[in-house]
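So that you can map any letter, position 46 of the sequence shown is 262 in the numbering used here, and since no number is skipped, the others follow by simple counting. Backbone N, C-alpha and C fix where the C-beta goes; we use that ideal spot for every residue, glycine too. Beneath this line is the structure, given in structure tokens, with notes to follow.
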Amino acid sequence: MATMASAKNHFESIRRRNLQQQQQQQQQQQQQQQQQHQLHHKLSIVSMARGNQRDKAREANQKKQAAMKKGNSMSGTEMQRAKESAADIMRAKQAAAEAKKAETAGKK
């Protein structure tokens, strides 16, 4: 009988020790969860500030893109005609300059 009582006491002490270990593990998990929550809260505040920067950069980029679209409203054929007319004007200017050079060279 004495051995049975000592065995019960032994198992009871093991059970208490296991319960204490479980409680300690639960407390550690709760502390970790609290730390993660605090960290998440801090990160969310930082990401909100960065989100504002992203929005401002996006708006600035949209304005820039709109300005670029306004700059060139000609189609491909219109652009080609404009280039050709500019080239004709430059050729006429060059011919006039060459004629002027030839005229001044002839006077000398």
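Requested in this report: Please state whether DSSP places residue 260 in a helix, a strand or coil.
Outcome: Reading the sequence shown from its first residue, position 44 is the one you call residue 260. If DSSP states are grouped into helix, strand and coil, residue 260 belongs with the helices.
Requested in this report: Look at the Cβ atom of residue 298, then the Cβ atom of residue 290, and state whether they are nearer than 8 Å.
Outcome: Locating residue 298 in the sequence shown gives position 82, counting from the first residue. Locating residue 290 in the sequence shown gives position 74, counting from the first residue. For the 8 Å CB-CB criterion, residue 298 and residue 290 form a contact.
Query - Distance between residue 271 and residue 284 (C-alpha atoms, nearest Å) - result: The residue you call residue 284 lines up with position 68 of the sequence shown. The residue you call residue 271 lines up with position 55 of the sequence shown. About 20 Å.
Query raised in the report: What number of angstroms, rounded off, separates the C-alpha of residue 300 from the C-alpha of residue 311?
Result: Counted from its first residue, the sequence shown places residue 300 at position 84. Counted from its first residue, the sequence shown places residue 311 at position 95. Residue 300 and residue 311: Cα-Cα distance of roughly 16 Å.
Requested in this report: Measure the C-alpha to C-alpha separation of residue 241 and residue 258 and round it to an integer number of angstroms.
Outcome: Position 25 of the sequence shown holds residue 241. Position 42 of the sequence shown holds residue 258. Computed Cα separation, rounded: 26 Å.
Query raised in the report: Which residues in the same chain have their Cβ closer than 6 Å to the Cβ of residue 226, if we skip the five residues on either side of it in sequence?
Result: In the sequence shown, residue 226 corresponds to position 10, counting from 1. Excluding residues within five positions, none has a Cβ falling inside 6 Å.
Query raised in the report: Rounded to a whole number of angstroms, what is the C-alpha to C-alpha distance between residue 246 and residue 239?
Result: Counting from one through the sequence shown, the residue named residue 246 turns up at place 30. Counting from one through the sequence shown, the residue named residue 239 turns up at place 23. Those two C-alpha atoms are separated by around 11 Å.
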